[in-house]
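Engineer: Quick one: this structure, given as structure tokens, is what I'll be asking you about.
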Amino acid sequence: MSPITIRRRTAAAALTAALLVPLAACGKSDDKKSAADTTPEPKAVNLTVLAASSLTDVFKTAGAEYEKAHPGTKITFSFAGSQELAAQVKQGAPADALVTADTKTMDGLKTETGDATVIAKNRLVIAAGKANPFKIDELRDLADTKIKVVLAAPEVPVGRYSKQILDAQKIEVKPVSQEPNVRAVLSKVELGEADAGLVYKTDSAKSGDKVVTVEIPDDQNAVASYPAATLKQSKNATEAAAFVAWLSTPEAQKILQDAGFQKA
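In terms of numbering that gives the first Met the number 0, the sequence shown has 183 at position 184, counting the first letter as 1, and numbering is strictly consecutive.
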């Protein structure tokens with residue numbers, strides 16, 4: 000073979016190799032891109048959480064934080080009195096988790112729920128009308144028949160707690176109405192339709208200057224516990240359990256305590 004032929008073949012081989020290098024690199028890039036394209040997107044999940052009405056404001060904040068930390072998950076809350084929520088669960092309402100304002104209601108749903116965990120506590124206060132014209136400063140003042148007092152119905156947790164502390168102090172109160180949840184009690188006082196009512200401390204605090212909050216001493220008060228549990232009928236059991244567990248994390252507990260709830 001002549002030297003000229005050898006030089007020509009060597010040059011051709013070098014050119015071919017130079018052309019193959021970028022093609023190989025391109026192939027590797029495409030492989031990486033293809034692998035990235037197969038990474039699964041976060042599962043889109045819509046969780047429905049039934050929650051006591053006294054959690055309305057704080058759970059809206061907590062839900063937004065949870066969604067931010069868990070892309071693809073959306074939480075829809077349904078707020079009502081705990082007794083109403085229990086009735087919904089027993090009727091098979093489609094939901095994934097439940098949070099009540101007392102352990103008694105949750106205990107009555109053991110066949111419909113997973114294990115419950117108390118995530119927060121609360122206490123009662125007297126919410127007096129704006130400027131507190133009757134100068135209410137203790138529970139015993141609510142026995143004055145000139146004062147229009149509104150309470151929650153006795154089957155509602157806050158109504159049951161109210162009866163408990165009034166009975167313990169042997170104070171007889173004749174309410175002008177009995178409401179289905181704590182928000183309804185507070186609304187009556189805010190609107191001037193009642194002079195006072197027994198509500199949770201966290202609810203009264205949200206009213207600002209619409210009501211005057213009168214503290215009740217611990218030895219005359221009741222502690223409200225808020226248990227959370229998944230619902231056995233949930234179609235998103237894993238995600239529901241993750242949300243319920245999150246409610247006990249430092250992040251969620253800070254949100255609850257910043258809103259005035261006590262540590263569980």
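Here a beta-carbon is modelled for each residue, glycine too, at the ideal position from N, C-alpha and C.
Enumerate in chain order the residues of its own chain whose CB-to-CB distance from Ala119 is below 7 Å, with the five nearest sequence positions on each side excluded.
Structural biologist: Tyr225, Leu255, Phe260, Gln261 and Ala263
Engineer: Per DSSP, what kind of secondary structure is Cys25 in: helix, strand or coil?
Structural biologist: Confidence at Cys25 is low in this model, with a pLDDT of 48, below 50, so the placement of that residue should be treated as unreliable; the coordinate-derived value is given next. It is helical.
Engineer: Within a Cβ cutoff of 7 Å, which residues of the same chain sit near Pro93, ignoring the five residues on either side of it in sequence?
Structural biologist: Sequence-distant partners of Pro93 (beyond 5 residues in either direction) whose C-beta falls short of 7 Å from its own C-beta, in its chain, are Thr47.
Engineer: Please check the pair Leu150 and Val184, which I expect to be a contact at CB under 8 Å, by giving their CB distance rounded to whole angstroms.
Structural biologist: Yes, they are in contact, since the Cβ atoms of Leu150 and Val184 sit about 7 Å apart, within 8 Å.
Engineer: To which residues does DSSP link Tyr225 through a beta bridge?
Structural biologist: Ala119
Engineer: Cα-Cα, which of Ile164, Ile170, Thr116 and Ser186 is closest to Lys205?
Structural biologist: Ser186
Engineer: Quick one: complete beta strand (DSSP E) runs, 3+ long, within the stretch 72-103?
Structural biologist: 72-79 and 96-98
Engineer: Could you tell me the boundaries of the beta strand (DSSP E) in which Ser176 lies?
Structural biologist: Going by DSSP, Ser176 is part of the beta strand (DSSP E) stretching over Ser176 to Glu178.
Engineer: Do you know offhand how far Val148's Cα is from Phe58's?
Structural biologist: Rounded to whole angstroms, the separation of the alpha carbons of Phe58 and Val148 is 29 Å.
Engineer: Express the C-alpha separation of Ile164 and Pro216 in angstroms, rounding to a whole number.
Structural biologist: Distance from the CA of Pro216 to the CA of Ile164, rounded to the nearest whole angstrom, comes to 11 Å.
Engineer: Got a sec? Which residues, its chain only, sit under 7 Å from Pro174 by beta carbon, not counting five neighbours each side?
Structural biologist: Excluding positions up to five away in sequence, the list reads Val148, Val149 and Leu150.
Engineer: Among residues of its own chain, excluding the 5 on either side of Trp245, which ones have a beta-carbon nearer than 8 Å to its beta-carbon?
Structural biologist: Counting only Cβ-Cβ distances below 8 Å, and skipping sequence neighbours, we find Tyr65 and Ala251.
Engineer: Can you tell me where the beta strand (DSSP E) holding Thr47 begins and where it ends?
Structural biologist: Val44 to Ala51
Engineer: When DSSP labels each residue in this structure, what does Val213 get in the three-state scheme?
Structural biologist: Per DSSP, reduced to three states, the secondary structure at Val213 is strand.
Engineer: Can you say whether Val210 is buried or exposed, counting buried as having 16 or more other CB atoms within 10 angstroms of its CB?
Structural biologist: Buried: at least 16 other Cβ atoms inside 10 Å.
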